[in-house]
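A.B. asks: Residue numbers (our numbering), protein chains in the order written: chain V, 1265 to 1440; chain H, 6 to 788; chain A, 326 to 761.
Don't be surprised by glycine CBs; every beta carbon is placed ideally from N, CA and C.
As the structure is a computational prediction, the values presented were derived from the model and not from experiment.
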Amino acid sequence: MAILKDIAAIAKGMSITFGEMFKPTQVENYPDGPGPFKGAKFQERFRGAHVLQRDENGLEKCVACFLCAAACPSNCIYIEAAENTEEHRVSGAERYAKVYDIDYNRCIFCGYCVEACPTDAITHGHGFELASFNASNLVYRKEQMLAPQPAHLGANSIFNQAEVEGGTPSLPAQGA
Amino acid sequence: MADVNITVDGKAVKTPAGTLLIEACKSVGIEVPSFCYYPNLSLQGACRMCLVKVEKMPKLQTACTTVVAEGMIVTTDSDEIRQARKGMVELLLGNHPLDCPVCDAGGECELQDMTFSYGAAESKYIEPKNHREEQQWSPVVFFDRPRCILCYRCVRVCNEGMDVAALGVQNRGVSSIIAPNNEDHLECEECGMCIDICPVGALTSGSYRYKTRPWEMNHVGTVCTHCGDGCKTTLGVRRADTGMEIVRGDNRDKSGINNDFLCIKGRYAFDFANHQDRLTQPLIRKNGQLTPATWEEAFELIGKKFSAIREKDGGQAIGVIGSNHTTNEENYLLQKFARVVLGSNNIDHHRTADFPAFAAALRGRANATASMRDVYNAPAVLLIGNDPTEKHPLLAWQIRSNVRLHRSRLYVVNSQPIKLRRQAAGFQLIPAGAEGAFAAFLAGEDAALASLGGSKDGWTALRDKLKTEENLVIVFGSELREGDITALVKFGSAVPGAKFLALADYANSRGAADMGLYPDLLPGYLPVAEAGKFHQEWGGIPSAPGLSLPEMAESAKAGKLKALYVVGANPIARFGIDPFVFSKSFVVVQDMFLTETAVIADVVLPAANAYEKSGSVTNTSGDLQLVKKAGEVTGTKGDFEMIVRIADAMGFDVRQLVPFGRGTRADMGQTRGAQSGEADRHAVWLEANGLELKMSPFDPMAILDEIQRLVPGYNISRLALLSGNDQQTNFAASGPAVAQKPELIVPAADGLFRSGTLGRYSHTLHSVMENKDRQPSEEVAAD
Amino acid sequence: MADLVSHSDEVKIVSRRFGQGAANLDRYLELDGYKAVQKALSMQPDDIINLVKNSGLRGRGGAGFSTGMKWSFVPKTAPKPKYVLCNGDESEPGTCKDRLIFEHDPHSVIEGVMIAALAVGSQAGYIYIRGEYRYLSNIMQKAIADAYARGFIGKNIFGSGRDLEIYWHGGAGAYEVGEESALMESLEGKRGIPRIRPPFPAVVGLWGGPTVINNAETLASVPHILLGGAEWYAGLGTPKNGGTRLFCLSGNLNKPGVYELPMGYNLKKMIEEVGGGIANGRKLKAVVPGGSSTPVLLPNEIDVAMDFDSVAKAGSMLGSGGVVVLDDTTCMVKFALRTIKFYQHESCGWCIPCREGTDWLKKTLTRFHHGAGQKKDIDNIQYLAENMLGRTFCPLGDAAAMPTIAFVKKFRQEFEDHLDGKPCPYEKNVAEPALA
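#1: Could you tell me whether any Cβ in chain V is nearer than 8 Å to the Cβ of residue 138(H)?
#2: Let's test the definition: count the other Cβ atoms within 10 Å of the Cβ of residue 121(H) and tell me whether it reaches 16, buried, or not, exposed.
#3: What beta strand (DSSP E) runs, 3 residues minimum, are completely inside the region 1280 to 1331 of chain V?
#4: Measuring from the CB of residue 522(H), is there a heavy atom of the ligand COA at a distance below 7 Å?
#5: Quick one, which residues of the region 1323 to 1335 of chain V are near chain H if we go by CB-CB under 9 Å, in chain order?
#6: Quick one, are the C-beta atoms of residue 587(A) and residue 569(A) less than 8 Å apart?
#7: I want to see whether chain V comes within less than 8 Å of residue 807(H), judged by CB atoms only; does it?
#8: Can you list the residues of chain H that residue 1347(V) reaches, using a CB-CB cut of under 7 Å?
#9: Look at the alpha carbon of residue 1268(V) and the alpha carbon of residue 1292(V), and state the distance between them as a whole number of angstroms.
#10: Answer with buried or exposed for residue 1306(V), where buried requires no fewer than 16 other C-beta atoms within 10 angstroms of its C-beta.
#11: Give the residues of chain A in contact with residue 62(H), contact being defined as C-beta atoms less than 9 Å apart.
#12: Identify, in the order they occur along the chain, each residue of the same chain with its Cβ nearer than 6 Å to the Cβ of residue 757(A), setting aside the five sequence neighbours on each side.
#13: Taking 8 Å as the threshold (beta carbon to beta carbon), is residue 1359(V) in contact with chain H?
#14: By the criterion of Cβ-Cβ separation under 7 Å, what are the contact partners of residue 181(H) in chain A?
#15: Please name the residue or residues paired with residue 250(H) in a DSSP beta bridge.
#16: Looking at C-alpha atoms only, which residue of 595(A), 572(A), 728(A) is the closest neighbour of residue 617(A)?
#17: Let me know the secondary structure DSSP gives residue 163(H) once reduced to three states.
#18: Under 8 Å Cβ-Cβ, which residues of chain H neighbour residue 718(A)?
#19: Return the Cβ separation of residue 1379(V) and residue 1335(V) in integer angstroms, given the expectation that the two are a contact with Cβ distance under 8 Å.
#20: Please give me, in chain order, every unbroken run of the alpha helix (DSSP H) with length at least 4 that falls completely inside the region 650 to 714 of chain A.
#21: Just the Cα atoms here: how many angstroms apart are residue 355(H) and residue 725(H)?
#22: At least one CB of chain H closer than 8 Å to the CB of residue 1288(V): is that the case?
#23: Since residue 303(H) and residue 610(H) should fall inside the 8 Å C-beta cutoff, what is the C-beta to C-beta distance between them, to a whole number of angstroms?
#24: Quick check: residue 212(H) and residue 146(H), are their CB atoms within less than 8 Å of each other?
#25: Would you list, in sequence order, the uninterrupted beta strand (DSSP E) runs of no fewer than 3 residues that lie entirely inside the region 351 to 424 of chain H?
#26: With 8 Å as the limit, tell me which residues of the region 1377 to 1392 of chain V have their beta carbon closer than that to any beta carbon of chain H; keep them in chain order.
#27: In terms of residues, what are the limits of the beta strand (DSSP E) holding residue 20(H)?
#28: Can you tell me the Cα-Cα spacing of residue 411(A) and residue 455(A), whole angstroms?
#29: From this set, 394(H), 260(H), 222(H), 227(H), which residue's C-alpha is nearest residue 244(H)'s C-alpha?
#30: Suppose the cutoff is 8 Å on Cβ atoms and the five residues either side in sequence are ignored; what does the same chain contact list for residue 683(H) look like?
#31: By DSSP, does residue 185(H) sit in helix, in strand, or in coil?
#32: By the DSSP assignment, the beta strand (DSSP E) with residue 1(H) in it spans what residues?
#33: So what's residue 286(H) in DSSP terms, helix, strand or just coil?
#34: Using the rule of at least 16 other Cβ atoms within 10 Å of the residue's Cβ for burial, across every protein chain shown, is residue 367(A) buried or exposed?
#35: With DSSP run on the structure shown, which of helix, strand or coil describes residue 332(A)?
#36: Is there at least one Cβ from chain A nearer than 8 Å to residue 70(H)'s Cβ?
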């Protein structure tokens, strides 16, 4: 009887094994998967590295109102504003952010900046591979966070579309 | 006037008869909102925000036009009133563009505040808003028409406050717009009062617009460094690559002697600090070229040279020229350095008024100097010489406001038909140079009439009239010197309560004179020869008068002056001295820019300006005020620190120079209070009561202790000073001054849009002048 | 020039010289001209004021303030010169009475100004005529020149030893200047914007001097009161509403025109008998009793005596006497829009509620009338008007708000008929472009 017991036990065990073999896999194939996220999948609401959006004309949505900086609980956003001119138009309104830095050493990804933004210029992307050996690399500049030009206007030379969806910067890490 | 009792929201209020209801409410802490009401401007009743319920009146009343009456019962908050105010805000927002994120006023906008208070966030209209394009009216004034709520404050402050009338109203009804009276541009004094007073972001400043937001700046209350009036200004500073950049100047908190007034220079001309030509590292002449060097090299070289010359040729071989822009502490320290460390009385500065003669004339007469506040309150003002509108904008503002609001009488005697004659009860044109004769005539010398012109009766009538004016404030320009001032004071002694005000041209001209930047006078106008407390305190100082500025040039030419130490001055350009006379002397210059004097120097030290340091300054009327560090340009040092470092490099025990430490030595680095918008109250109290150790030799407060102790007239309340108030220094104990050389007084060639070296490097002043087609005169340079 | 109309119920006092060529000075003298002022010269100033007070004469401009009372407020002695102003800036839609006085009887206005000047001790008078009345200005100027030529005005009038200068001044086309203090601003050469009161004109008026300002019709009535006596004049009207006034009947009437009727004349009678009833046999829909600023009355509300107090009791105002009669073909929304357009155009822009309120009312009503209205707009229109009412700097805002509120309250159904993109039920074609 003992042998039957053993066989039953093996069968029970193997049934789980074989059962699982034909179920779709639950494990994400990160970091060997395809795409900019290397197989990682996110909920829509996931708050990753910020993306500065553009409007339909390819102009930056950010008007340098400083409300994100004011809302930021960790004081990690630094902005310098400048005025748009006819010859040099960067944003749709009167002024634009000449400098827009986010210090990811301090950012806590709370999303208050996104809430505060009156023009929906700053959003959380899904970029998450932010670790660095050098803290100064964690101060992201505007160019690193800016969305690409809409396709019909020509792509941003620094970025490609896939990377922006991922929200990760493609600039080589300084000092790395 | 008798007091009136009223009841506001159940509170009993006692207030003088004639008070406006809105002010009566404010006096008990009940704020009645308004856009168009502005203290000291004419009443409008246009914005209808201040509607309140006055019992026994059927309709809501405007608190800004209602005068309190005995027994009035007022309600300032009820459903009806809130609804009325909400309705007004709704109507305003109907056409107001909701571009707060880019608007300069965002964050300090009265319309935003009202919307938050009365909640009119929901728009009831779906029709398009009326839109007009933004206009530029002048290099510094932009007008964004849709944001305008037509409170007419700008029009009134321009007409009434400034007496310029550059703004008006065009069209009617909903098409009404504020517009320049001169087609599409302003012909005005560019004071920016219209921008400052605008409750919304309709009028924006060319220098500040779209640069930052109010809450992103630090706000530092300090004193303007341009003319001699000493306006309080709040500088908005923000971080920049080169330190702290000043981006805005205003006096919105209405502190200080100037209330909210500032002229173009105070409001915009701080931009010289960030001029690209600003020196940011020491320069040493090597092989005939000024080459960058380290501070240590520079101080070592200067120390070595100065020591060697002092040992070999004595102190009289070294000349020192001080500045009209540096603080009292720096000026005091500089003359102490010259006399104690260098052993030389060869110290001078660019004189713009005969303060020694003034001090001598007023010696022993208490309360005889008028402060800027007195000019605003005096029942009558006599103005002799000068053109305050151009050279002393605050003084002109005070006079205008006094005449307008207090119906005071202004008498003007001038060789030019100056603009203030429009406010004058009496204006007398005299030949150029006859101001002294007028003073003599006032003092009773009828013979002086010959050079005045006009009828004898007219002049006598004026003199008789002036004699009857009680508490007359007599303001005179640098045209009056020596005996003229004595004569004027003689006349004034016959007028009960008469006070005097001598006009000098630069931010701290009075301070430089008071602090003894004279070859023959110690601080407080004490003659150098007179043995006194300074000799006791400082030990042996030379008692023979030193060389004046032109004499130093002569001496250098003769090869006797071996070294020249120039702090924040440009004597070569200002006095037209041949630069080659100093070719054999060792010249050290502390300045912001490579001026005509700096280019001939052997060592140039990059100096901080008055917006970048702490200390105190005395304006032309003797009001002592505190300056606080606002901006910072990396690579510069304050003159105070540099003087101390040079003394140290000469091997002098700096404790003898700056009474700091009391045995403790700890370098606190930067001067305290830097970059803090608000005073550290505890520290202020300790400091004011002398309880805090001055642990740094670079602490100007340590020298201020000595100034207060030794300089007559400067023993004012330290607490009041540190709290940001102005304090009138007292001339009565000064002197006795010795005879001065009036020919050394050279008035600055500044005007409304000119400010010596500072003006030369101000982008805003240049753009305004170019716009006005007035040429910035390159040859006119000053310290 | 319009034809004159008449009716048997008329009591011709102010209009007694109409159509008789009294603009000619000789003809005017034949018709008892300048007798009243000569009588006034023999009277004490206080007696003149009391006479006018007792006559019950109330201001014909709209507010209905007692004229004698107004004069009595002027201080006897003043450091600055006193002035008498005749407000001939008649601009209220529906009102056209002063026009006839200036055209047919200009000297009566001059005489009225003279009597007022004698009563308050002034030596200068201004007759301010609406800018659009250019042809009347010519008549008035000639009348003044004629009076000067005879020595009636100027130095030593009628040999009495007194001096009195009278000037003519034309407006520049602003309804707002009909407001007394705005008129003074205009006379001083400034923007026509009302002043803050107090101080009232009787104390600080034109050029800072004490000033009497009266409507042209009021002043033209004064000579008749002086000649006829206070009791006679008071007896013509109802208690506290002395005399007669010129009613300007206009709109869908068979016999529109200006009629002089006693104060307190029944409105219904005025429309049906004096005005000859509704034109083309249509039905009466609404009556605006006192110029466009007054709230509209429904047919069941018009059995009312036309004096200041009775009309106020009926929920409207006697105003300036411009009775506008509307028949049942009128679209009340359009009428409201037309009224508001006027006020939007004429608002001086000084205060927020009037400047912005009239503009938004116009925008909303324009859209509404062209079929793009929403249900909440009806409430919004009323809400907007209520926010203006009683909160503006001068009565112009009230003048725009009051009728608007009345239109919405009394004709709400008609507003609702315009909803849901339906075309105006009263018009097949919309004449004006949408959202103009």
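C.D. replies: According to the data block:
#1: For residue 138(H), the nearest beta carbon of chain V is not closer than 8 Å to its own beta carbon.
#2: Under this definition residue 121(H) is an exposed residue.
#3: Qualifying beta strand (DSSP E) stretches, in chain order: 1314 to 1316.
#4: What this structure holds is no ligand at all, so the ligand COA is not there to describe.
#5: Listed by position along the chain: 1327, 1328, 1329, 1330, 1331, 1333, 1334.
#6: Using a Cβ distance threshold of 8 Å, residue 587(A) and residue 569(A) count as a contacting pair.
#7: Summary: the structure shown does not reach residue 807(H), with chain H confined to residues 6 through 788, and so no result is reported for it.
#8: Residues of chain H whose Cβ lies closer than 7 Å to the Cβ of residue 1347(V) are, in chain order, 214, 215.
#9: Roughly 39 Å separates the two Cα atoms.
#10: Exposed.
#11: Per Cβ cutoff of 9 Å: no residues; residue 62(H) is ~11 Å from chain A at best.
#12: Any reading at residue 757(A) must be qualified, since the residue scores a pLDDT of 46, below 50, and its modelled position is unreliable; no value is offered.
#13: Taking Cβ atoms only, chain H reaches closer than 8 Å to residue 1359(V), which makes this a yes.
#14: Chain A residues near residue 181(H): 674, 680.
#15: Looking at the DSSP assignment, residue 250(H) forms a beta bridge with 243(H).
#16: Nearest option by C-alpha distance: 728(A).
#17: The answer is helix: DSSP assigns residue 163(H) an H, G or I state.
#18: At a C-beta separation below 8 Å, residue 718(A) has these neighbours in chain H: 50, 51, 53.
#19: Contact holds; Cβ gap of about 7 Å.
#20: Taking only runs of at least 4 residues, the alpha helix (DSSP H) segments lying wholly in the region 650 to 714 of chain A are 657 to 671, 677 to 692, 700 to 713.
#21: For residue 355(H) and residue 725(H), the distance between alpha carbons rounds to 30 Å.
#22: Among the CB atoms of chain H, none fall inside 8 Å of the CB of residue 1288(V).
#23: Yes, they are in contact, since the Cβ atoms of residue 303(H) and residue 610(H) sit about 6 Å apart, within 8 Å.
#24: It is not a contact, given that the beta carbons lie outside the stated cut-off.
#25: Counting only runs of 3 or more, we get 385 to 389, 414 to 419.
#26: The residues in question are 1382, 1383.
#27: From DSSP, the beta strand (DSSP E) with residue 20(H) extends over 16 to 21.
#28: Each residue's CA atom was taken as its position, placing residue 411(A) and residue 455(A) some 11 Å apart.
#29: If we check each option's Cα against that of residue 244(H), 222(H) comes out closest.
#30: Residue placement at residue 683(H) cannot be trusted, given a pLDDT of 44 that sits under 50; what the coordinates show is reported in the next sentence. There are no such residues.
#31: Strand at residue 185(H).
#32: The question about residue 1(H) has no answer, for chain H in this structure spans 6 to 788.
#33: Looking at residue 286(H) - three-state DSSP - the assignment turns out to be coil, as it is neither helix nor strand.
#34: Under this definition residue 367(A) is an exposed residue.
#35: In this structure, residue 332(A) counts as coil in the three-state DSSP scheme.
#36: Yes - at least one Cβ of chain A is within 8 Å of the one on residue 70(H).
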